[in-house]
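Asks:
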Amino acid sequence: MRRAVQILCLALFVFLLAETTWPPPDFAVVNGFLKIDPLLSLQAMLAGRAWIAAAGLGLVVLLLSAVLGRFFCGWVCPMGACLELGDRALYGKTTHRRWKNYERRGRWIKYGVLIVILVASLFGQGLVYLADPICWITRLMTYALWPVLATLTNAGLYVFRPVFEEFNWMTLARTEVAQPMFGGFGFLVVVFFAILFWLGRWQRRFWCRSLCPLGALLALPARFTLFSRQVSDACDNDGKCARTCETGAIGDDRRRYDPMECIQCGRCVPDCHLKVTRFAPVWLAPSRQPSFDASRRQAILWTAGGATAAAWLAYNPSRLLVSDAVIRPPGALPENAFLATCVRCGQCVKACPTHCLQPTALETGIAGLMTPAAVMRLGPCDQNCNACSLVCPTAAIRPFHIVEKPAIRLGTAIIDHPRCVVWEQGLACLVCDENCQYGAIVWHEEANGDRRPYVEEKKCNGCGNCEHACPVHGMAAIRVIPSGDNREMRFS
């Protein structure tokens, strides 16, 4: 039953991500997995110094973990399901890993990662994107699988186009899926997951056992779960349950287990050949042995690590190389607050219908790695679209109504005179004027009688239609710069 629920949750996650499009089916639903991630909500609220309404769902998951244990990890988490299914496909049912299944090497690392993330959040730095499982599985689908699927779909449509035309299926014959382009981010995400699958050679679900900070956060209330594993005195201690436990929660004494490591998979119950294992209310279960009990030295070291990471991100030399041409999505918080609350999940990038939004590399420094930015040359920011603001799970992009879009300025267009064919060569070109939706392109007659285009800054919204449509090859002759944006402005 658990496997069926896992596959169902993974399929639901993929379906919802596929539905993250424009026009929206129901954006309150498509980012549901990100909203129920308590680590994302906690980090965003600590770093952003503000309450996030959607955080309530994550808090519910935390409270349920105090009752049901780490059920989210074993039944719901799409990352866990992906790793478990991949591990089974790569290594089969073998229990011959490099480390014994019940060995507890490295279990403390995930708690250290959690401490670093939370401490850095207190200093206004967001690091959760580096290790949150829901963010990583979202990136895998968005940056790696989606472009491949779009390419294969277009290839299939091209191959069968003669057939469609033969049967007069002109809609299919003319259909073409927009091809997303995310640079090398898809490759980096694939490499990350390849490393995780490779680590499965050491222990089953290595990520979940030793590295996942969300698992560490859920383990804290799971220590007090109301339902525990119970084994009667008839147990012969044959050890099969310890060898097959998904997270090595069962130790040398097969009648004892670690509730902070147990993901409630229930596999030990059918594996027990004597049928003396069950899950029962905690007051009927034997004493347990929680594995994590940080020493004062460990806690101080990890806390210092989080503070050091926050200070380094805030003051590292790369901040001097930050580009002043990066344009943030409409409704984005002021830069410092945006960097603190954005979890780099890629939902806004997936939802953008024009592929205007792209993940950044080091354009905004190390602190801005993988944050979304508008690249108008690839596509404009449509004045009738507010998709990115609706899918953001942490309100780093504030939600706004579509009627407010004209008032949200992303920047201001400027004309590069040496590249403009009207200014430089005196040719006739009206492309930027024809594509401007705000009437910001005006024409003035020069002393020699030539009419040349100018940008009326007060009217320009920074939507980028002019830059995207500019016929000049390479860098456009008219470009949007972030000057004049109104990110400090509050919206409904």
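Heads up: the sequence shown begins at 0 in numbering that gives the first Met the number 0, then just goes up one per residue.
Glycine is no exception: its CB is placed at the ideal position from the N, C-alpha and C atoms.
Remember, it's a predicted structure, so these values are computed and weren't measured experimentally.
#1: Can you tell me which of Ile116, Ile136, Leu63, Gly448 puts its alpha carbon nearest to the alpha carbon of Phe32?
#2: So Pro358 packs on Pro379, CB below 8 Å; how close in whole Å?
#3: Can you tell me where the beta strand (DSSP E) with Glu444 in it begins and where it stops?
#4: Report the rounded CA-to-CA distance for Gly438 versus Leu377, giving the unit in angstroms.
#5: Taking C-alpha atoms, which residue in Leu67, Gln346, Val430 lies nearest to Asn385?
#6: Look up Ile407 in the DSSP assignment and say whether it is helix, strand or coil.
#7: Given that a residue counts as buried once 16 or more other Cβ atoms are within 10 Å of its Cβ, and exposed if not, what is Thr174?
#8: Only counting runs of 4 or more residues, tell me where the alpha helix (DSSP H) segments fall wholly within the stretch 215 to 265, in order along the chain.
#9: Roughly how many whole angstroms lie between the Cα atoms of Ala218 and Glu456?
#10: Give the secondary structure of Gln346 by DSSP, where H, G and I count as helix, E and B as strand, and everything else as coil.
#11: Runs of 3 residues minimum, wholly inside the stretch 72 to 126: which ones carry the beta strand (DSSP E) assignment?
#12: In whole angstroms, what separates the C-alpha of Arg2 from that of Lys34?
#13: Comparing C-alpha positions only, which one of Gly448, Asp432, Asp449, Gln202 sits nearest to Val441?
#14: So, helix, strand or coil for Leu356, using DSSP?
#15: Check whether the Cβ atoms of Trp451 and Val421 lie closer than 8 Å to each other.
#16: For Tyr453, which of helix, strand or coil comes out of DSSP?
#17: In the DSSP assignment, the beta strand (DSSP E) including Val147 goes from what residue to what residue?
#18: Could you name the residues of the same chain whose beta carbon sits closer than 7 Å to that of Gly47, not counting the 5 residues immediately before and after it, in chain order?
#19: Take the Cβ of Lys274 as the centre, count every other Cβ of all protein chains shown within 10 Å, and call the residue buried at 16 or more, exposed below.
#20: To which residues of the same chain is Phe192 closer than 7 Å at the C-beta, ignoring the five residues directly before and after it?
#21: Is Ile480 helix, strand or coil when you go by DSSP?
#22: For a minimum of 4 consecutive residues, which ranges assigned as the alpha helix (DSSP H) are wholly contained in the stretch 4 to 55?
#23: DSSP puts Thr276 in a beta bridge; with which residues?
#24: If you follow the beta strand (DSSP E) that Ala372 is part of, which residue opens it and which one closes it?
#25: If you draw a straight line from the alpha carbon of Gly85 to that of Asn434, how long is it in whole angstroms?
#26: Name, in chain order, the residues that DSSP records as bridge partners for Ile413.
#27: CA-CA distance, Ser231 and Arg277?
#28: Please say whether Arg208 and Arg343 have beta carbons closer to each other than 8 Å?
Replies: With the structure as the only source:
#1: Walking along the sequence shown from the start, residue 32 turns up at place 33. For Phe32, the nearest C-alpha among the options comes from Ile136.
#2: The sequence position of residue 358 within the sequence shown is 359, counting from 1. The sequence position of residue 379 within the sequence shown is 380, counting from 1. In fact, because the Cβ distance is near 18 Å, the residues do not count as touching under 8 Å.
#3: Here residue 444 corresponds to residue number 445 of the sequence shown, with the count starting at 1. First-last of the beta strand (DSSP E) with Glu444: 440 to 444.
#4: Sequence index remark: in the sequence shown, residue 438 carries index 439 (1-based). Sequence index remark: in the sequence shown, residue 377 carries index 378 (1-based). Rounded to whole angstroms, Gly438 to Leu377 spans 22 Å at the Cα level.
#5: For this step, residue 385 is matched to residue 386 along the sequence shown. It is Gln346.
#6: What you label residue 407 is simply residue 408 of the sequence shown in a count that begins at 1. The answer is coil: DSSP assigns Ile407 none of H, G, I, E or B.
#7: To locate residue 174, count along the sequence shown from 1; it is residue 175. With fewer than 16 Cβ atoms within 10 Å of its Cβ, Thr174 is classed as exposed.
#8: 239 to 243
#9: In the sequence shown, counting from the first residue as 1, residue 218 sits at position 219. In the sequence shown, counting from the first residue as 1, residue 456 sits at position 457. When rounded, the distance between both Cα atoms is 54 Å.
#10: As a first step, residue 346 is located in the sequence shown; it is residue number 347 there, counting from the start. Correct three-state label for Gln346: helix.
#11: none
#12: The count along the sequence shown starts at 1 and reaches residue 2 at position 3. The count along the sequence shown starts at 1 and reaches residue 34 at position 35. If I take the Cα positions, the gap works out to 23 Å.
#13: Your numbering for residue 441 matches position 442 in the sequence shown. Of Gly448, Asp432, Asp449, Gln202, the residue nearest in Cα terms is Asp432.
#14: Residue numbering aside, residue 356 sits at position 357 when the sequence shown is read from its first letter. In the structure shown, Leu356 sits in a strand (DSSP, three-state: E or B).
#15: Start at 1 with the first residue of the sequence shown, and residue 451 comes out as number 452. Start at 1 with the first residue of the sequence shown, and residue 421 comes out as number 422. The residue you asked about is not Trp; residue 451 is Arg in the sequence shown. Against a cut-off of 8 Å, the Cβ pair of Val421 and Arg451 comes out as a contact.
#16: On the sequence shown, residue 453 is found 454 positions in, with the first residue counted as 1. Strand.
#17: Locating residue 147 in the sequence shown gives position 148, where the first residue counts as 1. Not the beta strand (DSSP E): Val147 falls in the alpha helix (DSSP H), residues 145 to 158.
#18: Numbered from its first residue, the sequence shown carries residue 47 at position 48. Within the same chain, Gly47 has close Cβ partners Ala336, Ala339, Thr340.
#19: Here residue 274 refers to the residue found at position 275 when the sequence shown is read from its first residue. So Lys274 counts as exposed.
#20: Within the sequence shown, numbered from 1, the residue matching residue 192 stands at position 193. Answer for Phe192: Leu139, listed in chain order.
#21: As a working mapping, residue 480 is identified with position 481 in the sequence shown. Reduced to three states, the DSSP call for Ile480 is strand.
#22: 26 to 29, 31 to 34, 37 to 47
#23: As a first step, residue 276 must be located in the sequence shown, where it is residue number 277. DSSP, once it has assigned bridges, lists Val230 as partnering Thr276.
#24: Walking along the sequence shown from the start, residue 372 turns up at place 373. Start and end: 371 to 373.
#25: Residue mapping note: residue 85 aligns to position 86 of the sequence shown, counting from 1. Residue mapping note: residue 434 aligns to position 435 of the sequence shown, counting from 1. The alpha-carbon atoms of Gly85 and Asn434 are separated by roughly 48 Å.
#26: Here residue 413 corresponds to residue number 414 of the sequence shown, with the count starting at 1. Paired residues: Arg478.
#27: The residue you call residue 231 lines up with position 232 of the sequence shown. The residue you call residue 277 lines up with position 278 of the sequence shown. Answer to the nearest angstrom: the Cα atoms are 9 Å apart.
#28: Position 344 of the sequence shown, counting from 1, holds the residue named residue 343. Position 209 of the sequence shown, counting from 1, holds the residue named residue 208. Not a contact, by the Cβ cut-off of 8 Å.
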